[in-house]
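Read in the numbering used here, the sequence shown has 128 at position 128, and its numbers run on one by one without any break.
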Amino acid sequence: MWPRRSVLGVGISVAALSIATLTGCGKPDSAENAGNTVRFAVTDLQGLEELQREFGTFTDVLERTTGLDIELFAVTNRTAAAAALQANRVDIVFTGPAEYVVIHQRTQAEPVVAIERDGYRSCLYTSTDSGVTTVSQLRDKSVAMSDIGSTSGHLGPSQLLVDAGLQPRTDVEVLTVGDAVHAALERGDVAAVGVGCHDYAEYMETDDPAKYLVLQEGPVLPADVIMARAGLDPQVREKIKTAFTEHFDELLPAMLEGKDNAKYENATVVEVTDGDYDVVRRMYRAIGVEDFTEFVGN
Numbered sequence: 001m002w003p004r005r006s007v008l009g010v011g012i013s014v015a016a017l018s019i020a021t022l023t024g025c026g027k028p029d030s031a032e033n034a035g036n037t038v039r040f041a042v043t044d045l046q047g048l049e050e051l052q053r054e055f056g057t058f059t060d061v062l063e064r065t066t067g068l069d070i071e072l073f074a075v076t077n078r079t080a081a082a083a084a085l086q087a088n089r090v091d092i093v094f095t096g097p098a099e100y101v102v103i104h105q106r107t108q109a110e111p112v113v114a115i116e117r118d119g120y121r122s123c124l125y126t127s128t129d130s131g132v133t134t135v136s137q138l139r140d141k142s143v144a145m146s147d148i149g150s151t152s153g154h155l156g157p158s159q160l161l162v163d164a165g166l167q168p169r170t171d172v173e174v175l176t177v178g179d180a181v182h183a184a185l186e187r188g189d190v191a192a193v194g195v196g197c198h199d200y201a202e203y204m205e206t207d208d209p210a211k212y213l214v215l216q217e218g219p220v221l222p223a224d225v226i227m228a229r230a231g232l233d234p235q236v237r238e239k240i241k242t243a244f245t246e247h248f249d250e251l252l253p254a255m256l257e258g259k260d261n262a263k264y265e266n267a268t269v270v271e272v273t274d275g276d277y278d279v280v281r282r283m284y285r286a287i288g289v290e291d292f293t294e295f296v297g298n
């Protein structure tokens, strides 16, 4: 069983908040030198314009509920986010579980609170005419997965293979093909697909579910993390945590105004520690990664 987090609140739709860029819109001063200003980044959004479009309304609500000046700080990628944390150029980062593990290892930034997505699991599925009915029967076969390093589309499915007694690096040929996973199965290029269960559900909206068989559905994946840089004022951390745990009824609709945040519909807020992400570290090891200071796929 994966460790469970205690639920602090319900129904948030925050998109994995992307980290700050070193060359973007932020100022070089740390939050301590800028009064109540807290720089906030999201790792899966690029550019200040996109960040403001997705999180502008959310920022207004977060400012009101914390009493802090929240400054959105754009980053070009997750590596830039980690560098910004190390340089004290960003204070808070919202990121996914796979990214959290590396950013924490590089910067010692710690979780403040986390957002658990509704139905955030990994699935392995196949076509009903493949002859495969169990995960163990995938030995010596090809499995398509989505983006390399994706929590739900690569790490999670790889762990499901390991749990079934298969080593992804030797017993199965894993092909990371991005959005082409379902098409690869349709063409017969692979014996099965490993993706987030939410992606499988989307594929079935335009396909015939009777043609496919879910071989394994994994447990709920670790939550996306709102993490604070090492050395951030504890009172600032607490204000941010309190805002998320006590004002979700206000933050949720503000978050959902960003079209990319739909994946957080019906999400819950959970309290986590770094130890809750040991399961992600095991997933990394499942694909042969022991060095948690480097992003997979960078």
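All C-beta atoms, glycine included, are put in the ideal place defined by N, C-alpha and C. Given the structure is predicted, the values throughout are model-derived calculations rather than measurements.
In three-state terms, what does DSSP make of E271?
In the sequence shown, residue 271 corresponds to position 271, counting from 1. It is a strand residue.
Determine the contact status of Y125 and V190, defining contact as a CB-CB distance below 8 Å.
Taking the sequence shown and counting its residues from 1, the one referred to as residue 125 is at position 125. Taking the sequence shown and counting its residues from 1, the one referred to as residue 190 is at position 190. Cβ atoms of Y125 and V190: not closer than 8 Å.
Rounded to whole angstroms, what's the CA-CA distance from C25 to V112? Just pull it up for me.
By one-based count along the sequence shown, residue 25 stands at place 25. By one-based count along the sequence shown, residue 112 stands at place 112. With a pLDDT of only 41 at C25, under 50, the local geometry of the prediction cannot be trusted, and the value read off the model is given with reservation. The alpha-carbon atoms of C25 and V112 are separated by roughly 24 Å.
Within the chosen definition, does the segment 236-249 reach the segment 185-201 through at least 3 CB pairs nearer than 8 Å?
No, the segment 236-249 is not in contact with the segment 185-201.
Around the C-beta of E32, are 16 or more other C-beta atoms found within 10 angstroms, so that it is buried, or is it exposed?
The count along the sequence shown starts at 1 and reaches residue 32 at position 32. With a pLDDT of only 45 at E32, under 50, the local geometry of the prediction cannot be trusted, and no value is derived from it.
What residue does the alpha helix (DSSP H) around L232 start on, and which one ends it?
Reading the sequence shown from its first residue, position 232 is the one you call residue 232. In the DSSP assignment, L232 falls outside any alpha helix (DSSP H), carrying neither H nor E.
Which residues in the same chain have their Cβ closer than 8 Å to the Cβ of D147, if we skip the five residues on either side of it in sequence?
What you label residue 147 is simply residue 147 of the sequence shown in a count that begins at 1. The residues are G153, H154, T176, G178 and G297.
Give every residue of the same chain whose Cβ lies closer than 8 Å to the Cβ of F295, excluding the five residues on either side of it in the sequence, and list them in chain order.
Numbered from its first residue, the sequence shown carries residue 295 at position 295. Here F295 has R78, T79, E99, V102 and G149 as same chain residues with Cβ atoms under 8 Å from its own Cβ, once five neighbours each way along the sequence are excluded.
By alpha-carbon positions, which one of V172, E110, A109 and D163 ends up nearest to D140?
Counting from 1 along the sequence shown, the entry for residue 140 is found at position 140. Closest by alpha carbon: V172.
Helix, strand or coil: which one does DSSP assign to T133?
Within the sequence shown, the letter at position 133 stands for residue 133. T133 sits in coil when the DSSP states are folded into three classes, being neither helix nor strand.
G194: buried (16+ other C-beta within 10 angstroms of its C-beta) or exposed?
Taking the first residue of the sequence shown as 1, we reach residue 194 at position 194. Flag for G194 reads buried.
Could you pull out every residue in the same chain whose Cβ sits closer than 6 Å to the Cβ of N36, ignoring the five residues on either side in sequence?
By one-based count along the sequence shown, residue 36 stands at place 36. Here the set comprises L68 and D69.
Can the beta-carbon of E63 be found closer than 8 Å to that of R39?
As a working mapping, residue 63 is identified with position 63 in the sequence shown. As a working mapping, residue 39 is identified with position 39 in the sequence shown. Here E63 is not near R39, since their CB atoms are 8 Å or more apart.
contact_flag[the segment 198-208, the segment 84-95] where n(CB pairs < 8 Å) is 3 or more
No: the two stretches stay apart, fewer than three of their Cβ pairs being nearer than 8 Å.
Among L138, D129 and V75, which has the Cα closest to the Cα of A210?
Here residue 210 corresponds to residue number 210 of the sequence shown, with the count starting at 1. Selection L138, D129 and V75 evaluated against A210 yields D129 as nearest (Cα-Cα).
Best match in T95, Y120 and Q159 for proximity to V135 [C-alpha to C-alpha]
The sequence position of residue 135 within the sequence shown is 135, counting from 1. Residue Q159 is the option with its Cα nearest to V135.
Is Y264 helix, strand or coil when you go by DSSP?
Taking the first residue of the sequence shown as position 1, residue 264 is located at position 264. Here DSSP, grouped into helix, strand and coil, assigns Y264 to helix.
Using a 10 Å radius around the Cβ and a threshold of 16 neighbouring Cβ atoms, would you call N266 buried or exposed?
Residue numbering aside, residue 266 sits at position 266 when the sequence shown is read from its first letter. Its Cβ having fewer than 16 others within 10 Å, N266 is exposed.
Please classify E238 as buried or exposed, where buried requires at least 16 other C-beta atoms within 10 Å of its C-beta.
The residue you call residue 238 lines up with position 238 of the sequence shown. With fewer than 16 other Cβ atoms within 10 Å, it is exposed.
Under the DSSP definition of a beta bridge, which residues are partnered with V177?
Here the question's residue 177 lines up with position 177 in the sequence shown. Under DSSP, V177 takes part in no beta bridge, so it has no partner.
Between R229 and the rest of its own chain, which residues show a CB-CB distance below 6 Å, the 5 nearest in sequence each way excluded?
Counted from its first residue, the sequence shown places residue 229 at position 229. Here the set comprises L85, D91 and A109.
Can you give me the C-alpha to C-alpha distance between T170 and D163, rounded to a whole angstrom?
Taking the first residue of the sequence shown as 1, we reach residue 170 at position 170. Taking the first residue of the sequence shown as 1, we reach residue 163 at position 163. Rounded to the nearest whole angstrom, the CA to CA distance from T170 to D163 is 15 Å.
By the DSSP assignment, the beta strand (DSSP E) with A114 in it spans what residues?
For the purposes of this step, residue 114 is taken as residue 114 along the sequence shown, with counting starting at 1. Element bounds for A114: E110 to E116.
Our contact map puts Y284 next to I115 with C-beta atoms below 8 Å; I'd like the distance itself, whole angstroms only.
Within the sequence shown, numbered from 1, the residue matching residue 284 stands at position 284. Within the sequence shown, numbered from 1, the residue matching residue 115 stands at position 115. I115 and Y284 do not touch by the CB rule: their CB atoms are close to 21 Å apart, not below 8 Å.
By a C-beta neighbour count over all protein chains shown, 10 Å radius and 16 as the cutoff for buried, is D276 buried or exposed?
Within the sequence shown, numbered from 1, the residue matching residue 276 stands at position 276. So D276 ends up on the buried side.
Could you check which residue in P222, T293 and D118 has the C-alpha nearest to that of T268?
For the purposes of this step, residue 268 is identified with residue 268 of the sequence shown, where counting begins at 1. Closest option to T268, Cα to Cα, is D118.
Let me make sure I understand the geometry here. Which of P253, D224 and M255 has the alpha-carbon closest to that of T95?
As a first step, residue 95 is located in the sequence shown; it is residue number 95 there, counting from the start. By alpha-carbon distance to T95, the top candidate from P253, D224 and M255 is D224.
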